[in-house]
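Chemist: Numbered according to mature numbering (1 follows the signal peptide of the UniProt record, and there is no 0), the sequence shown spans residues -23 to -1, 1 to 191. The following block contains the structure, expressed as structure tokens.
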Amino acid sequence: MKKLYRLFFTAIIFSLSGQLVLAQQHALTQQQTRLTVKTSSQERAKSQLIFEGSPRVSQLIDEGLKLRPKTLQSAHQTSGVYWLGSGLFEQSRPDNALSTSLTQTLQQLTQLEQSAVKNENMPRALSIQSLTQFLNRSVFKPRVNVTIDPDLYLLGNAVNPQISGDLLLLLPTRPNHVWVTGNVVKNDEATFSSDAIGQRLSRASKHSALYGAR
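Structural data, given as structure tokens:
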């Protein structure tokens, strides 16, 4: 399952040329950059920013923070963002390597599930089925390899390139749960507490031989 784990971790301003506008729907020209801001991948975007030209990463972050729901904003805009879970993604550019890796992983899981059913190992089959469903529900987009932390840009400690295209800026709040996925009976979220996680990991350890994982 090493390939699957790689998939999860790979996949799972100071200058602006021109005008910045807020729009509900807008067809991009080749010279424009669109930024959609979300607090989660499941959130439906209600507004977007259109840049004339290629803004720098720091401006994308600064302007993106202003688009977060008012209920999540504070006197210090960055305080409500869980920066470890944030990211900048490309919406329109296909990632053939990611798509191929996902397809191959799903095919591998199908073969493992069929083998488990044939051997009448239903716990293993149900675990694989749960992971397959989780992957099918997940959203995979190519990540832009830049630092998402406004403090680093203010300090001048981060490369601040210009970026163009149709972009998604994910600025989540700090979660109160963790995802338990992979070699477990059920792929699901669990409340983040030491007792809850301990119980979940204890149940998962009973099935640690499902994929030969250690």
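Think of the CB as a built atom: it goes at the ideal place given N, C-alpha and C, for glycine as much as any other residue.
Considering only residues of the segment 129 to 158, which uninterrupted beta strand (DSSP E) runs meet the minimum length of 3 residues and lie entirely inside it, listed in chain order?
Modeler: With a minimum length of 3 residues, the continuous beta strand (DSSP E) runs that stay inside the segment 129 to 158 are 142 to 147 and 154 to 157.
Chemist: Under 8 Å Cβ to Cβ from residue 168, same chain only, skipping five residues before and after it: list those, please.
Modeler: The answer, listed in chain order, is 153 and 154.
Chemist: Residue 7 and residue 29 look like a contact to me (Cβ under 8 Å); what is the Cβ gap, rounded to whole Å?
Modeler: Their Cβ separation, rounded to whole angstroms, is 11 Å, which puts residue 7 and residue 29 out of contact at 8 Å.
Chemist: Leaving out five residues on either side along the sequence, give the residues of the same chain with a beta carbon under 8 Å from the beta carbon of residue 106.
Modeler: So the qualifying residues of the chain are 90.
Chemist: Residue 160 to residue 140, Cα distance in whole Å?
Modeler: So the alpha carbons of these two residues sit roughly 38 Å apart.
Chemist: Suppose the cutoff is 8 Å on Cβ atoms and the five residues either side in sequence are ignored; what does the same chain contact list for residue 69 look like?
Modeler: The residues are 142 and 143.
Chemist: Around the C-beta of residue 74, are 16 or more other C-beta atoms found within 10 angstroms, so that it is buried, or is it exposed?
Modeler: Result: exposed.
Chemist: With distances taken from CA atoms, which of 40, 164 and 149 is nearest residue 195?
Modeler: This structure cannot speak to residue 195, because the chain is shown only from -23 to 191.
Chemist: Does DSSP put residue 40 in a helix, in a strand, or in coil?
Modeler: Three-state DSSP puts residue 40 in a helix.
Chemist: Determine the extent of the beta strand (DSSP E) in which residue 28 is found, giving its start and end residues.
Modeler: Per DSSP, residue 28 belongs to the beta strand (DSSP E) from 25 to 29.
Chemist: Between which residues of its own chain and residue 122 is the CB-CB distance below 7 Å, once the five residues before and five after are set aside?
Modeler: If we look at residue 122 and ignore the five residues flanking it on each side, it has no Cβ neighbours.
Chemist: Taking residue 90 as part of the alpha helix (DSSP H), name the residues at either end of that continuous run.
Modeler: Unbroken alpha helix (DSSP H) run through residue 90: 73 to 95.
Chemist: Is it the case that the Cβ atoms of residue 158 and residue 86 are separated by a distance below 9 Å?
Modeler: Cβ atoms of residue 158 and residue 86: not closer than 9 Å.
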